[in-house]
Amino acid sequence: MRTLAPPPEPRTSLPLPGARTASLTAVLVVLLLVTVAVGWAPLLSFDHTVAVELHRSARAEPGFTQVNRVFSDWVWDPWTMRILVAVAVVVLLWHGRRLLALWVAAASVLGSGLQQALKSMVDRARPVWAEPVDTAQYAAFPSGHAMTATVTCGLLLWLLSRTGAGPGLTRAAALVAAVSVLGVGFTRLYLGVHWFTDVVGGWLLGICLVALTAWTYDRLALNREPLNQEALNREP
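Quick note: to get my numbering, add 230 to the position in the sequence shown (first position is 1).
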């Protein structure tokens, strides 16, 4: 004899913390975007002060500047980050986690497209120096390095949380992620290729995208539970 499971309890529309994080960071991104687009004087003045001071240091410390270039152009380069995501996707596919692999890959691709779209839309000029220590392509806002590192590290930490990784590994990964995200932001500022608000915008957009990715995936998983349970109940 088959027994029927009780009907699933109704779910609220935003039950997961990822939704709140995505909403909050989205609001902050819009506010920052508006202030940058309209050229709010106090913000531009702060950007200019930070850029001038760091550029002066970069000119005075060529050895440290070269270290920053190595980390920015190789260790924390966006393509290095995308390779890490690609490896994670391959591992997920190898273990049969096709939907999760699709979600991670889609988030990475969406992040790349979003940053380029915003760069074209805002079209903010990068800092210009008489004696630059580095160069960069495309417009300034948001920082592609900062956003890509945030998306990549956030996605990898999210995957670790879903695989039940031990606390030691989780803490170590979180430390590496924090150093990478903050570090790449600093390198872009120190090398004089971004304004401070470009980097902050990249961080906020990355956090928003990761939170949205986690929320939508978890919502899908929650919605699939009643269907899976119904299928089990139909089994003889």
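For every residue, glycine included, the Cβ atom is placed at its ideal position computed from N, Cα and C.
Please list the segments of the alpha helix (DSSP H) lying wholly inside the segment 287-335, counting only runs of 4 or more residues, in order along the chain. As far as the segment 287-335 is concerned, its whole alpha helix (DSSP H) runs of at least 4 residues are 292-300, 308-324.
Contact between the segment 371-383 and the segment 428-443 is defined here as three or more beta-carbon pairs at a separation below 8 Å; is this criterion met? Touching, yes, given that three or more Cβ pairs across the two stretches are closer than 8 Å.
Terminal residues of the continuous alpha helix (DSSP H) containing residue 425? Looking at the DSSP string, residue 425 is not in any alpha helix (DSSP H), and its letter there is neither H nor E.
Helix, strand or coil at residue 394 according to DSSP, with G and I counted as helix: It is coil, neither helix nor strand.
Who are the Cβ neighbours of residue 399 in its own chain at under 8 Å, not counting the five residues just before and after it? These residues qualify, in order along the chain: 390.
Under 9 Å between the Cβ atoms of residue 372 and residue 428? Remark: C-beta atoms of residue 372 and residue 428 approach each other more closely than 9 Å.
What whole-angstrom Cβ distance do residue 417 and residue 294 have, given they're in contact under 8 Å? No, residue 417 and residue 294 are not in contact; Cβ-Cβ is about 11 Å, not under 8 Å.
Test item: CB-CB of residue 266 and residue 413 under 9 Å: With contacts defined by Cβ atoms closer than 9 Å, residue 266 and residue 413 do not form a contacting pair.
For residue 420, which option in 299, 253, 274, 260 has the closest C-alpha, if you only look at C-alpha atoms? Distances from the alpha-carbon of residue 420 to those of 299, 253, 274, 260 put 299 closest.
Over the uninterrupted alpha helix (DSSP H) stretch that includes residue 259, give me the two end residues. It spans 247-268 - the alpha helix (DSSP H) in which residue 259 sits, taken as one unbroken run.
Could you tell me which of 388, 354, 296, 411 sits nearest to residue 425, measuring between CA atoms? Minimum Cα distance to residue 425 is reached at 354.
Using beta-carbon positions only, say whether residue 388 and residue 443 come within less than 9 Å of one another. Closer than 9 Å, so yes.
How would you label residue 255, buried or exposed, when you count the other beta carbons within 10 angstroms and need 16 or more for buried? Residue burial is scored here from C-beta neighbours: residue 255 has at least 16 other C-beta atoms within 10 angstroms and is therefore classed as buried.
In terms of alpha-carbon separation, which member of 359, 410, 402, 450 lies closest to residue 286? When only C-alpha atoms are compared, the closest one is 359.
Output needed for residue 284: all residues of its chain with C-beta closer than 6 Å, excluding positions within five of it in sequence on either side, in chain order. Excluding sequence neighbours, residue 284 sits near 419, 420.
So, helix, strand or coil for residue 453, using DSSP? Residue 453 sits in a helix when the DSSP states are folded into three classes.
Can you round the beta-carbon distance between residue 306 and residue 375 to whole angstroms, since I take them to be within the 8 Å contact cut? Yes, residue 306 and residue 375 are in contact; Cβ-Cβ is about 6 Å, under 8 Å.
By how many angstroms is the C-alpha of residue 423 removed from the C-alpha of residue 364? Whole-angstrom Cα-Cα distance: 7 Å.
Assuming the contact rule is C-beta atoms closer than 8 Å, residue 334 and residue 321 should be a hit. Round their C-beta distance to whole Å, please. Rounded to whole angstroms, the Cβ separation of residue 334 and residue 321 is 10 Å, and the two are not in contact under 8 Å.
Does residue 388 come out as helix, strand or coil in the three-state DSSP assignment? If DSSP states are grouped into helix, strand and coil, residue 388 belongs with the helices.
Given a cut-off of 9 Å on the beta-carbon distance, is the pair residue 347 and residue 356 in contact? Result no, Cβ atoms of residue 347 and residue 356 do not sit closer than 9 Å.
Report yes if the CB atom of residue 317 is closer than 9 Å to the CB atom of residue 263, and no otherwise. Contact: no.
Starting from the C-beta of residue 273, find all residues in its chain whose C-beta is less than 8 Å away, skip the five residues before and the five after it, and write them out in chain order. Closer than 8 Å at Cβ, skipping near neighbours: 265, 266, 427.
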